[in-house]
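Worksheet: one structure, shown below.
2 protein chains.
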Amino acid sequence: MNPTTEARPKKIPEGELPAVAVSASPREKLEEFLATRGLRLTQERSAILDEVFSSHLHFDGDELATRLASRPGAVRVSRATVYRTLRLMVEAGLLRRVARPNGREVYEHDYGYPQHDHFICRVCGELIEFQNGAISEILEEVAAKNSFRVSGHRLEVYGLCSKCSRPQRRHTKLDLL
Amino acid sequence: MNPTTEARPKKIPEGELPAVAVSASPREKLEEFLATRGLRLTQERSAILDEVFSSHLHFDGDELATRLASRPGAVRVSRATVYRTLRLMVEAGLLRRVARPNGREVYEHDYGYPQHDHFICRVCGELIEFQNGAISEILEEVAAKNSFRVSGHRLEVYGLCSKCSRPQRRHTKLDLL
DNA sequence: GTTATTGCAAACCATTTGCAAGTGT
DNA sequence: ACACTTGCAAATGGTTTGCAATAAC
């Protein structure tokens with residue numbers, strides 16, 4: 001019940017990191033986060049962490065659970081725990097949610113990775129990342145005028161990717177929104 | 001089964017409308033849309049249309065269904081029909097979906113209303129609209145570089161509204177993402 | 001030894017859908 | 001008459017949660 005920050009190993013200089021400099025590994029970051037909450041780094045959480053950061057791809061809870069289940073010698077992790085842990089990792093600043101037009105919550109790395117947004121193809125559903133500092137700047141300006149304090153944003157740009165905008169377009173069951 | 005555009009009353013100059021000029025009422029637009037699809041403007045759809053355009057507020061399917069149910073002399077409209085019609089109205093270009101961080105799909109007018117985006121307060125959940133043409137321009141540029149063909153976007157800017165960023169902040173159960 | 005954590009299965013919950021009855025043209 | 005529509009209730013489907021068993025510190 002002690003509210004002071006007694007357990008805070010290595011004060012990491014957050015905020016203005018140069019878009020590439022990673023001060024600590026995702027694992028360290030997670031450990032730090034868990035410590036400050038009196039939570040534990042269990043085998044399950046560790047396995048999830050490994051799987052999540054094994055590649056820089058977008059994924060959803062279900063996929064992740066399936067991937068974990070198919071790892072040969074690893075700990076079994078229930079779907080429930082996967083979802084619970086994903087929530088933790090979002091709170092810890094390791095992951096970020098990126099909505100997709102079909103109800104599934106899609107995640108991506110948010111730690112040690114520069115801010116970016118996405119193009120989302122209405123046909124094939126592919127996510128294409130892009131970076132543009134001007135957008136954040138504009139948002140800050142507009143926010144100031146509205147006395148709004150920005151802490152983050154989610155920008156989804158819909159349309160057709162180069163593959164799907166070719167002459168002979170195929171029909172896919174994906175035209176929501 | 002005739003694919004020609006036989007029923008197209010009043011060719012409306014879409015696209016570059018001056019942000020205020022409304023060429024036809026939402027009802028006309030819906031009728032036109034339904035006609036081209038061989039669909040009907042039923043009492044239920046009509047009632048939903050009225051309710052939807054009775055105020056320029058954001059709403060979700062559930063809310064709308066409840067509102068409709070509480071209208072004294074009006075037709076009863078089932079929840080299922082409300083959802084079905086909302087989908088139609090999105091396709092017709094009358095409504096647009098604006099995601100909210102809690103799973104419910106939020107709608108807003110998209111016809112006769114200028115393109116805009118939203119600030120979303122993490123504390124009170126309020127949606128504040130703002131307009132900024134520069135953002136769309138930037139997106140077009142970046143998209144061109146990525147051979148992506150933009151058809152629309154959804155930008156949600158999270159943070160604190162002026163009310164909630166005052167010194168003594170209250171605690172609310174709303175801190176997702 | 002506590003207290004946090006997990007797995008399971010059931011619960012959630014907004015939205016969708018099958019189907020038989022009803023309605024618009 | 002012939003689709004298109006509706007309402008109802010059941011189904012969906014990703015995500016969450018209650019609870020007893022289990023593991024971490």
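If you're matching them up, the sequences are chains A and B in order.
Using this note's numbering, read the first sequence as starting at 1 and increasing by one per residue.
Using this note's numbering, read the second sequence as starting at 1 and increasing by one per residue.
Where a beta carbon is used, it is the ideal one built from N, C-alpha and C, also for glycine.
Everything numeric in this text was worked out from a predicted model, so none of it was measured.
Using beta-carbon distances, GLY112(A) does not count as an interface residue toward chain B, since no partner is under 8 Å. Not one beta carbon of chain A lies nearer than 8 Å to the beta carbon of GLU108(B).
Chain A has a Cβ within less than 8 Å of the Cβ of VAL150(B). LEU155(A): member of the beta strand (DSSP E) spanning 149-160, first to last residue. Rounded to whole angstroms, the gap between the alpha carbons of ALA35(B) and SER151(B) is 24 Å. Secondary structure note for ASP50(A): its alpha helix (DSSP H) is the uninterrupted segment 43-52.
Among the CB atoms of chain B, none fall inside 8 Å of the CB of GLY125(A).
In terms of Cβ geometry, PRO26(A) and PHE53(A) form a close pair [threshold 8 Å]. Only residues of its own chain outside the window of five on either side were considered, and among them ILE120 and ARG122 have a CB closer than 6 Å to the CB of TYR158(A), listed in chain order. DSSP places LEU57(A) outside any beta strand (DSSP E), giving it a letter other than H or E. Annotated three-state conformation of ARG96(B) is strand, per DSSP. When the five nearest sequence neighbours on each side are left out, the beta carbons in the same chain lying within less than 8 Å of the beta carbon of VAL98(B) are those of HIS58, VAL106, TYR107, GLU108, HIS118, LEU127, ARG154 and GLU156, in order along the chain. In this structure, the alpha-carbon of ALA69(A) lies about 20 Å from that of LEU88(A). Under the DSSP assignment, TYR107(A) falls in the beta strand (DSSP E) whose first and last residues are 105-109. Here LEU30(A) carries a helix assignment [DSSP, helix/strand/coil].
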